[in-house]
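Numbering (full-length UniProt numbering), first residue to last: 1 to 95.
Here a beta-carbon is modelled for each residue, glycine too, at the ideal position from N, C-alpha and C.
Note that the structure is a prediction, hence the values are computed from the model and not measured.
Contents: one structure, followed by commentary.
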């Protein structure tokens, strides 16, 4: 069994990877917002969000994490919508 220091170091490394992926996701979210602006689409697409959650749950090897992944993705998508909304508001103010 690994000791607590080793486990914490492993978590720190995973957190670093998650932050890099989160930032990449949010950068992509801004590109989605640009597309939505150009095509006059709403920020919220509830059907798409449910597809994302379902896909993420399907990727789980341990289905015991399904509820946690649903909450995590709902939070992530809420943050994404916030970033898109702010971006779209800023673009409208520039006009």
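Q. For residue 36, which three-state DSSP category applies?
A. helix
Q) Just curious, the alpha helix (DSSP H) that residue 88 is in, first and last residue? A) 66-94
(Q) Would you say residue 8 lies against chain D (beta-carbon separation less than 8 Å)? (A) Note that chain D does not occur in the displayed structure, where there is just one protein chain.
Q: Helix, strand or coil for residue 48, going by three-state DSSP, please let me know.
A: helix
Q) So does the region 76-88 actually touch the region 38-48, counting three or more Cβ pairs closer than 8 Å? A) Touching, yes, given that three or more Cβ pairs across the two stretches are closer than 8 Å.
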